[in-house]
Amino acid sequence: MKVSIITAVYNSEKTIDTCMDSVLNQTYPNIEYIIVDGGSNAETLSKLNAAAEKHPHIKLSSESDNGIYDALNKGIAKATGEIIGFVHSDDFLADATIIASIVEAFETKGVDGVYGDLHYVALENTDKIIRNWISQPFSSKLLKQGWMPAHPTLYLKKSLYDNYGIFDVNFKIAADYDFILRIFKQTNLNFFYLSKTIVKMRVGGASNRSLKNIFQKSKEDYRAIKANQTGNWWTILLKNVSKIKQFGA
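Right, dumping it as structure tokens:
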């Protein structure tokens, strides 16, 4: 199975090398790597162009966009793989066998999506775990309890994007949550929890950078819940409270 991995980039000169290396060093051979740059500075672009020149299978584009979800949608449009996943420019895959393990799960379990665990790590010392997001096998009742898989760990068949749509760019922070609810509420789809760390994410993402962003994220989460008919304000409370146990785990 061909796997399309999409990285959206904007001025990530400090972290993009680690991100790209984690994809390019995977043991699984059939990977299409799509890098969507939003018009970065010269230092970031020089690194992207050098990687694309060295690895001709990289699909690199650079143009202005309307934010990360617009960039990810552009990547989805370019993808030709049977499976699509994302590695954000500040993140990196946990080890070189991750994609092989994900593909094996697709092939042996016959599922529509695979997800796993995520480590939030310190910006400078990526061996230091700040938050340990351990997931669990999916059950539909979990959605109203505020549960979601860590989106950077989620790999889906391309057909799901074809059938259920892409990210709604009217959401500035929570388009991934809206998309996950849209997909996971479908009773005809099956998902597999791969119990291993798939991604390491540096702290300081858009959704948790400030109290203002946390409040904005909660408002957008509620809008996503209502749009997908998967809960209420209690769901938002449970979603936020569930994060507490992930610190120091």
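Numbering-wise, numbering that gives the first Met the number 0 puts 94 at position 95 of the sequence shown, and it's gapless, one number per residue.
Ideal Cβ placement from N, Cα and C applies to all residues, glycine included.
Practice task
State the Cα-Cα distance for the pair Val110 and Asp116, rounded to the nearest angstrom.
Solution key: Along the sequence shown, read from residue 1 onward, the residue named residue 110 stands at position 111. Along the sequence shown, read from residue 1 onward, the residue named residue 116 stands at position 117. Distance between the alpha carbons of Val110 and Asp116 is about 18 Å.
Handout entry: Cross-strand partners of Asn131 (DSSP beta bridge)
Key = Here residue 131 is taken as the residue at index 132 of the sequence shown, counted from 1. Paired residues: His118.
Practice task
Check whether the Cβ atoms of Ile57 and Ile30 lie closer than 8 Å to each other.
Solution key: Indexing the sequence shown from 1 puts residue 57 at position 58. Indexing the sequence shown from 1 puts residue 30 at position 31. It is not a contact, given that the beta carbons lie outside the stated cut-off.
Problem - Minimum length 3: unbroken beta strand (DSSP E) runs contained in the region 147-173 - result: 154-156
Practice task
Using the DSSP secondary-structure output, state which residues sit across from Gly84 in a beta bridge.
Solution key: Walking along the sequence shown from the start, residue 84 turns up at place 85. For Gly84, which the question treats as bridged, DSSP gives the partners Ile4.
Practice task
Determine the contact status of Arg201 and Val86, defining contact as a CB-CB distance below 8 Å.
Solution key: In the sequence shown, residue 201 corresponds to position 202, counting from 1. In the sequence shown, residue 86 corresponds to position 87, counting from 1. No.
Problem - Inter-residue Cα distance where the pair is Leu237 and Ala41 - result: The count along the sequence shown starts at 1 and reaches residue 237 at position 238. The count along the sequence shown starts at 1 and reaches residue 41 at position 42. Computed Cα separation, rounded: 43 Å.
Practice task
For Asn72, I'd like the list of residues in its chain whose CB is within less than 8 Å of its CB, leaving aside the five on either flank, ordered along the chain.
Solution key: Translated into the one-based positions of the sequence shown, residue 72 becomes position 73. Within the same chain, Asn72 has close Cβ partners Ile165, Phe166 and Val168.
Problem - Of the residues Thr17, Gly38, Met0 and Gly84, the one placed nearest Tyr32, counting alpha carbons only - result: Locating residue 32 in the sequence shown gives position 33, where the first residue counts as 1. With distances taken between Cα atoms, Tyr32 lies closest to Gly84.
Exercise for the section: Thinking Ile5 and Gly74 are a contact (beta carbons under 8 Å), I'd like their distance in whole angstroms, please. Expected result: As a working mapping, residue 5 is identified with position 6 in the sequence shown. As a working mapping, residue 74 is identified with position 75 in the sequence shown. So it is a contact: roughly 3 Å between Cβ atoms.
Exercise for the section: Check whether the Cβ atoms of Tyr114 and Tyr192 lie closer than 8 Å to each other. Expected result: The residue you call residue 114 lines up with position 115 of the sequence shown. The residue you call residue 192 lines up with position 193 of the sequence shown. Taking 8 Å as the Cβ cut-off, Tyr114 and Tyr192 qualify as a contacting pair.
Problem - CB of Ile182 within 8 Å of CB of Asn212, strictly - result: Position 183 of the sequence shown holds residue 182. Position 213 of the sequence shown holds residue 212. No, the pair does not count as a contact, with Cβ atoms beyond the cut-off.
Handout entry: Supposed contact pair Leu59 and Val90 - C-beta distance, whole angstroms, cut 8 Å
Key = Position 91 of the sequence shown, counted from the start, is the residue given in the question as residue 90. Position 60 of the sequence shown, counted from the start, is the residue given in the question as residue 59. A small fix is needed here, since residue 90 is Asp in this sequence, not Val. With a Cβ gap of about 18 Å, Asp90 and Leu59 do not count as contacting.
Exercise for the section: Give the single residue among Lys184, Leu122, Val102 and Ile82 whose Cα lies nearest to the Cα of Trp146. Expected result: The count along the sequence shown starts at 1 and reaches residue 146 at position 147. Nearest C-alpha to Trp146: Lys184.
Handout entry: DSSP beta-bridge partners of Ile30
Key = Taking the first residue of the sequence shown as position 1, residue 30 is located at position 31. Its beta-bridge partners are Val2.
Exercise for the section: Taking only runs that begin and end inside the region 188-241, name each unbroken beta strand (DSSP E) of 3 or more residues, in chain order. Expected result: 190-201
Exercise for the section: Compare the C-alpha of Ala70 against each of Trp132, Gln228, Ser138 and Tyr9 and name the closest. Expected result: Numbered from 1 along the sequence shown, position 71 holds the residue referred to as residue 70. Distance from the Cα of Ala70 is smallest, within the candidate group Trp132, Gln228, Ser138 and Tyr9, for Tyr9.
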